[in-house]
């Protein structure tokens, strides 16, 4: 069977393409990722939110504005931090059955973000989003000035998340080997895999009163999940939630 070339237009997909520890920035390249599986299992994340965020501690992100003479502050609390390790963060294509193609090559445009990105299940204002990044000490985060810079990115449990990052579009040609597709005997796609921390959080705003007393504005209280994704890269992913580099 001849190789099949497919052109798939994708407009807002977030990932880093990282093969052999190099970041490819060419606008039209062919990539075949063949990392050693053992090196992935042994790899640890160099960033951990537990180093910067305490559980059940209110973080004051400062005064957002004045409501008359009273200052309005934004707060958030982290109630739990889970280290999920490497997991599938997104899929770029449909899932294909084993044997459908032989050494299939896909060409598409995706959006590349920074090495570490913060995503939330709720979309927040510019002030709060920048505050999350600063408080969690996200490396190399891009400070945003407009809500238009907060876009949908990763998908966890069928829920879109919102990320504020420096993003650039890249066209890439990605070749899927038979070892990663047909030999696995399960439906496959191309997607993002990253080292994921999952944080259950609460956001609220307060009026800053006299003598450091605060009044929580109940209509601003929102529970949300925050995902911090470290070292995202492209891989063959499977419908059961596994991916090529962690299959037995």
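In the working numbering, the protein residues as written are -4 to 243. Yeah, the Cβ is synthetic: ideal placement off N, Cα and C, and Gly gets one too.
Check, Outcome
"Where DSSP assigns a beta bridge to residue 218, which residues make up the other side?", "197"
"Let me know if residue 92 comes out buried or exposed under the rule of 16 or more other beta-carbons within 10 Å of its beta-carbon.", "exposed"
"With a threshold of 16 other CB atoms inside 10 Å of the CB of residue 200, please say whether the residue is buried or exposed.", "buried"
"Please report the residue range of the alpha helix (DSSP H) in which residue 127 lies.", "121 to 130"
"Could you tell me the distance, in whole angstroms, from the CA atom of residue 203 to the CA atom of residue 60?", "11 Å"
"Output needed for residue 223: all residues of its chain with C-beta closer than 6 Å, excluding positions within five of it in sequence on either side, in chain order.", "44, 113 and 192"
"Which residues in the same chain as residue 211 place their Cβ atom closer than 7 Å to its Cβ, once the five residues preceding and following it in sequence are excluded?", "199 and 201"
"State the Cα-Cα distance for the pair residue 230 and residue 55, rounded to the nearest angstrom.", "39 Å"
"How big is the Cα-Cα spacing for residue 186 and residue 208?", "48 Å"
"Use the C-beta contact count for residue 57: other C-beta atoms within 10 angstroms, 16 or more gives buried, fewer gives exposed.", "exposed"
"In three-state DSSP terms, what is residue 151?", "strand"
"So the beta strand (DSSP E) residue 83 belongs to, where does it begin and stop?", "65 to 86"
"Give the DSSP-derived three-state secondary structure of residue 103 in the structure shown.", "strand"
"Leaving out five residues before and five after residue 155 in sequence, what residues of the same chain have Cβ atoms less than 6 Å from its Cβ?", "147"
"So if DSSP puts residue 61 in a beta bridge, which residue, or which two residues, is it bridged to?", "66"
"Just to check my reading of the structure: residue 227 and residue 189 have Cβ atoms closer than 8 Å, yes? What is that Cβ distance to the nearest angstrom?", "4 Å"
"DSSP on residue 36, reduced to helix/strand/coil?", "Any reading at residue 36 is ruled out, since the residue's pLDDT is 40, under 50, leaving its predicted position unreliable."
"What does the Cβ neighbour count give for residue 123, buried or exposed, with the cut at 16 atoms within 10 Å?", "buried"
"Assign residue 65 to one of two classes, buried (16 or more other C-beta atoms within 10 Å of its C-beta) or exposed (fewer than that).", "exposed"
"Spell out the partners DSSP gives residue 238 in its beta bridges.", "232"
"Measure the C-alpha to C-alpha separation of residue 25 and residue 215 and round it to an integer number of angstroms.", "No answer about residue 25 holds up, because its pLDDT of 28 lies below 50 and its placement is not dependable."
"Which one of 42, 87, 235 and 62 has the shortest CA to CA distance from residue 168?", "87"
"Look up residue 112 in the DSSP assignment and say whether it is helix, strand or coil.", "strand"
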